[in-house]
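J.: Structure below; questions to follow.
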Amino acid sequence: MRLLIADDHKLLRDTLGAFLELEKDIQIVTAGNISEAAQLIAGSEVFDLVLLDYDMPGMNELEGLKSILDMPNAPPVALISGMAPRAVVERAFCLGARGFVHKTMTAKSLLNAIRFMALGERYVPVDFLTEAEPATEAQAAIPGQVQDRPRLTPRESEVLQALCDGMTNKEIARLLNLSEPTIKLHVKTLCRRLGVNNRTQAVMAALSLGLN
């Protein structure tokens, strides 16, 4: 997996890159601003995922994200930030972002999220939202949006939180000391109760409803 980390803080780039490169299958390339990121993406290198710092100079809120996603053969792009109002999350997904990751996430959760997104899934941790806002047209466009807040069992809540953390069924089974078929059944039940079709939409529904 080739990962491009674009952030204006060199310490964060170096620290995050050093940690991720401990994984034998991950190669890291870094950029210090949006222009450098665009040049690398426009070059001959192919990236499985790009992490863009939301507050990086040149981003101009989400304009930088849009400029990258509008490039020919644009790679999947996720935003990384220390905060994200609900409106930012909604607009980023409408633009085509693969996900949001928080700078305060644990290293393991971040790694799980990166692998999750590189596989083609969308990722947003439930507790990423920093403010509650009324529903908007953009919010209604998010797959997996549901109107009623279902009552989940404690076990279902644990499984849903693990899904939001980007964990696989196998990892969830190990975490909760359950069998993988049992986790698959919980995921299927969660999808039915949330009124969605797959685990990605379940995460989006959890995001919308503030479930954790």
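Heads up: the sequence shown begins at 1 in the UniProt record's numbering, then just goes up one per residue. Every residue gets a Cβ at the ideal spot worked out from N, C-alpha and C, and that includes glycine. Quantities reported herein were computed from a predicted structural model and do not represent experimental measurements.
Measure the beta-carbon distance from L62 to R91 and round it to whole angstroms, keeping in mind my assumption that it falls under 8 Å.
T.: L62 to R91, Cβ: 6 Å. Contact.
J.: Can you list, in chain order, the residues of its chain with a C-beta nearer than 7 Å to that of R192? Leave out the 5 residues immediately preceding and following it.
T.: Nothing listed; no residue qualifies.
J.: Report all residues from its chain with a CB closer than 8 Å to the CB of P75; omit the five preceding and five following residues, and keep chain order.
T.: Closer than 8 Å at the Cβ level, and outside the excluded window around P75, lie L4, I41, V46, F47, D48, L49, V50.
J.: Between which two residues does the alpha helix (DSSP H) harbouring H186 extend?
T.: Start and end: 180–194.
J.: Within 10 angstroms of the Cβ of L22, are there 16 or more other Cβ atoms? Answer buried if so, exposed if not.
T.: So L22 ends up on the exposed side.
J.: For K103, which residues from the same chain have a beta carbon less than 7 Å from its beta carbon, with the 5 sequence-adjacent residues on both sides left out?
T.: These residues qualify, in order along the chain: I80, S81, G82.
J.: For a test of the three-state rule: what should DSSP assign to I28, helix, strand or coil?
T.: Note: I28 maps to strand in three-state DSSP.
J.: To which residues does DSSP link V159 through a beta bridge?
T.: For V159, which the question treats as bridged, DSSP gives no partner whatsoever.
J.: Judging by CA-CA distance, which residue of A18, L16, V187, M71 is the nearest neighbour of G43?
T.: Nearest C-alpha to G43: M71.
J.: Just list the residues that DSSP pairs G99 with in beta bridges.
T.: In DSSP, G99 forms a bridge with A78, Y123.
J.: Just to confirm before moving on: does the CB-CB distance between L190 and V159 stay below 8 Å?
T.: Yes.
J.: State buried or exposed for L207, treating a residue as buried only when at least 16 other CB atoms are found within 10 Å of its CB.
T.: When all chains shown are included, L207 counts as buried.
J.: Can you grab the Cα-Cα spacing for the pair F19 / L119, in whole Å?
T.: The alpha-carbon atoms of F19 and L119 are separated by roughly 20 Å.
J.: DSSP beta-bridge partners for V50?
T.: DSSP, once it has assigned bridges, lists L4, V77 as partnering V50.
J.: Take L16 and list the residues in its own chain whose beta-carbon comes closer than 7 Å to its own, dropping the five residues that flank it on each side.
T.: Answer for L16: I5, listed in chain order.
J.: So, helix, strand or coil for S109, using DSSP?
T.: DSSP places S109 in helix when its eight states are reduced to three.
J.: Going by beta-carbon coordinates alone, are M56 and D7 separated by less than 8 Å?
T.: Yes, the pair counts as a contact, with Cβ atoms nearer than the cut-off.
J.: Where does R115 land, buried or exposed, given buried means 16+ other C-beta within 10 angstroms?
T.: So R115 ends up on the buried side.
J.: Using only the alpha-carbon positions, how far apart do A85 and F100 sit?
T.: Reading off the sequence, residue 85 comes out as Pro, not Ala. Distance between the alpha carbons of P85 and F100 is about 11 Å.
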